[in-house]
Amino acid sequence: MAKKEVDGLTVADMNNHIKNGAFAKVYLFHGCEEYLKDFYINSILDSVIHGDTLNFVSFDGKITASQLNEACDTIPMFGDKIAVLVRNSGVFKLTGDKTSEFDFVATIPDEVCLIFRETEIDKRNKLYKIVSDNGIVFECARQPENMIGKILARHANKMGCRITVDAVSLLVAGIGDDLLRLIEEANKLALYVGEGGEIDENAVRNVCALSVSATVFNLTDSLADNDREKSYKFLQTLLDDRVEPRYIFSMISNNYIKLYDTKQLLEKGVPQSEIAKRLGVVEFVAKKLCRQCRACSLAYLKDKINLCAELDMDSKSGRIDDITMLNILIGN
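The sequence shown begins at 0 in numbering that gives the first Met the number 0 and counts up by one.
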């Protein structure tokens, strides 16, 4: 894979490219996923120069065309290749005559491996087109949950442990999809479970500071399981964290609506993956909704939705306060 049309590469493609070892002369890694940038750049550098600092040149921030040209003209010392890494130069946002100064990138020597690591780029930029035509452009974008799961599973394996699918889903729901943050949490979890251990949902809940939405989801999960003790525990956690009671109520109410919609879709034979798309939720949430609503009838869920509407009206009219509203809903 000496060159690849822009935006046509997947993570699997890049993994195969690294494995095959047929490296391009020039790369552009851009996008918001910093972990992927570091991972692929380090993999390329390890393969091309094998840690040889004599054949490595790096630039941070703004760079002139003459500086870069001089670096690319350097003859490798005691090796076959020289690697040039350019970080956050902004050259892919240049316009006008300034972009033509970098035309030499199209004809850099075969001994050179030039890597650009950028955050923002303009696809109309001339240098961008040169790199696309002569090398590889890879957008390091946020990854879907299934790919995050593969990355975390590989990382956990390196740490000497395992991670379950549900643990990955809870991490994504409670931490987000930033791989750097997720890897940091995975490192803490690996230390918690120890070598040979398994990172499951309980480990995630015990170790990680999950978002409010994740705690609310734990609350709705325990409500669906009719576990009042856990429900009150999660409610108290949210209140101790100064989460507005009205927000908690809204999340519970919305969850009952999602359960009702999920139940209807399941009865029509709609698969879980399609339910996730229709409801606009991640697979983990869809899986939980499907599990929760199987023990409930449509009539039961409709009663819960009506109860939420009645309590909402009573609260807004001043007949009950918001805390009482929550206690009635959970205790009902």
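For every residue, glycine included, the Cβ atom is placed at its ideal position computed from N, Cα and C.
Burial state of residue i (16 or more Cβ within 10 Å)
i	result
C112	buried
L190	exposed
K36	buried
L53	exposed
M76	exposed
S252	buried
I74	exposed
E32	buried
N19	exposed
E4	Any reading at E4 needs caution, since the residue's pLDDT is 40, under 50, leaving its predicted position unreliable; the model's value is listed next. Answer is exposed; the Cβ neighbour count stays below 16.
S230	buried
G134	buried
K356	Past the boundaries of the shown model lies residue 356; the chain is included only from 0 to 331, so the question cannot be answered.
N156	exposed
E119	exposed
K257	buried
K125	buried
K267	exposed
For residue i, three-class secondary structure by DSSP
i	result
R318	coil
A275	helix
L93	coil
A208	coil
E33	helix
E4	Because the pLDDT at E4 is just 40, under 50, the model does not fix this residue reliably, and the value given afterwards should be weighed accordingly. Correct three-state label for E4: coil.
E110	coil
V215	helix
A82	strand
D313	helix
D45	helix
V242	coil
D132	helix
E282	helix
S296	coil
D72	coil
I150	helix
R226	Note that residue 226 corresponds to Asp in the displayed sequence, not to Arg. Coil, per DSSP.
S88	coil
D260	helix
E138	strand
V104	helix
I247	helix
Between the CA atoms of residue j and residue i - distance to the nearest angstrom
i	j	result
F22	D109	10 angstroms
G173	R290	19 angstroms
Y259	N305	12 angstroms
D220	K315	26 angstroms
F55	I114	11 angstroms
A166	G95	50 angstroms
E282	Q142	14 angstroms
D320	P244	10 angstroms
S212	L237	10 angstroms
S88	I62	6 angstroms
C292	A223	8 angstroms
F216	V284	9 angstroms
Y127	T106	14 angstroms
F91	N145	31 angstroms
E228	R241	20 angstroms
F58	V85	5 angstroms
N225	E194	35 angstroms
K2	A294	Model confidence at K2 stands at a pLDDT of 44, short of 50, so the residue's coordinates are unreliable and nothing is read from them.
E164	L218	According to the sequence as given, residue 164 is Val; it is not Glu. Their Cα atoms are separated by approximately 20 angstroms.
N68	H154	38 angstroms
E200	T323	31 angstroms
K232	F38	40 angstroms
Q235	L310	19 angstroms
L288	L325	21 angstroms
From the options, residue whose alpha carbon lies closest to that of residue i
i	options	result
F101	D199, K286 and Q66	Q66
F248	G50, A11, I327 and I40	I327
I407	Y299, V85, V192 and R141	Nothing in the structure corresponds to residue 407, since the chain is present only between 0 and 331.
S296	L310, K286 and L264	L264
K276	G89, D45 and T261	T261
C139	F58, N225 and V10	V10
K24	S210, D79, K187 and F233	D79
V203	S212, A185, E194 and L218	A185
L170	L93, K187 and K157	K187
N15	F28, G30, S42 and H29	S42
G175	N145, L209, H154 and D199	L209
D45	D72, L8 and V83	V83
C71	I48, V47, I40 and F103	F103
Y34	D51, K287, T98 and D177	D177
L300	T323, Y255 and D51	Y255
D132	V47, E200, Y26 and F233	Y26
R116	K122, F28, F233 and I198	F28
L8	K122, I81, K287 and F137	F137
S168	D121, C160 and I198	I198
* Is it a yes or a no for the stretch 141 to 152 touching the stretch 174 to 188, going by three-plus beta-carbon pairs under 8 angstroms? -> yes
* Hey, is the stretch 257 to 272 in contact with the stretch 315 to 330, meaning 3+ C-beta pairs nearer than 8 angstroms? -> no
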